[in-house]
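Novice:
In our numbering, the protein residues as written are 42 to 187.
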């Protein structure tokens, strides 16, 4: 029997649970249903004003970090923090659970500022993205890692 996005999301959230619990985050299921692209499920870990939100459809999709009203995608966080090129996720072609393993690696290796750093540290990366939102877009950005 094929796993549903809900099942994959819960399994992936459980894989992240020891790390997230150790940092005081609690898991909750978000929206689930069927959209134009098929079945999907959304979940998030939250601690106070911090939240990591992720979705599963055919794979682990959008991963987004939020502190207060400020948010940034996983990919943009990696790019604007200088970790792009050393990241594990996104890891195209992997299984859903393989993607959650890769996300966990990134959380440990590159996203500690979100898990346990000061708001100001995290928000400085969001401000860098806001100051140059097109820095990593288009042909000029191909191969750029800074």
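Cβ atoms here follow ideal geometry from the backbone N, Cα and C, with glycine treated the same way. Since the model is a prediction, treat every value here as computed from it, not as a measurement.
1) Between 76, 167 and 48, which lies nearest to residue 113 when the distance is taken from Cα to Cα?
2) According to DSSP, simplified to helix, strand and coil, what is residue 102?
3) In three-state DSSP terms, what is residue 107?
4) Residue 150 and residue 139 look like a contact to me (Cβ under 8 Å); what is the Cβ gap, rounded to whole Å?
5) Find out if the Cβ-Cβ distance for the pair residue 145, residue 57 is shorter than 8 Å.
6) Can you say whether residue 49 is buried or exposed, counting buried as having 16 or more other CB atoms within 10 angstroms of its CB?
7) Between the alpha carbons of residue 179 and residue 136, how many angstroms are there, rounded?
8) For the beta strand (DSSP E) holding residue 165, just list the boundary residues, first then last.
Specialist: So, from the data block:
1) Translated into the one-based positions of the chain shown, residue 113 becomes position 72. Ranking 76, 167 and 48 by Cα distance to residue 113 puts 167 first.
2) The sequence position of residue 102 within the chain shown is 61, counting from 1. Three-state result, residue 102: strand.
3) Position 66 of the chain shown, counted from the start, is the residue given in the question as residue 107. DSSP, reduced to helix, strand and coil, places residue 107 within a strand of the structure shown.
4) Working through the chain shown from its first residue, we reach residue 150 at position 109. Working through the chain shown from its first residue, we reach residue 139 at position 98. The pair is not a contact, with the Cβ atoms about 16 Å apart (cut-off 8 Å).
5) Translated into the one-based positions of the chain shown, residue 145 becomes position 104. Translated into the one-based positions of the chain shown, residue 57 becomes position 16. Cβ distance < 8 Å, so residue 145 and residue 57 count as in contact.
6) Here residue 49 refers to the residue found at position 8 when the chain shown is read from its first residue. Answer is buried; the Cβ neighbour count reaches 16.
7) Numbered from 1 along the chain shown, position 138 holds the residue referred to as residue 179. Numbered from 1 along the chain shown, position 95 holds the residue referred to as residue 136. Each residue's Cα considered, the two are about 28 Å apart.
8) Taking the first residue of the chain shown as position 1, residue 165 is located at position 124. Counting along the chain, residue 165 falls outside any beta strand (DSSP E), though it belongs to the alpha helix (DSSP H) covering 160-172.
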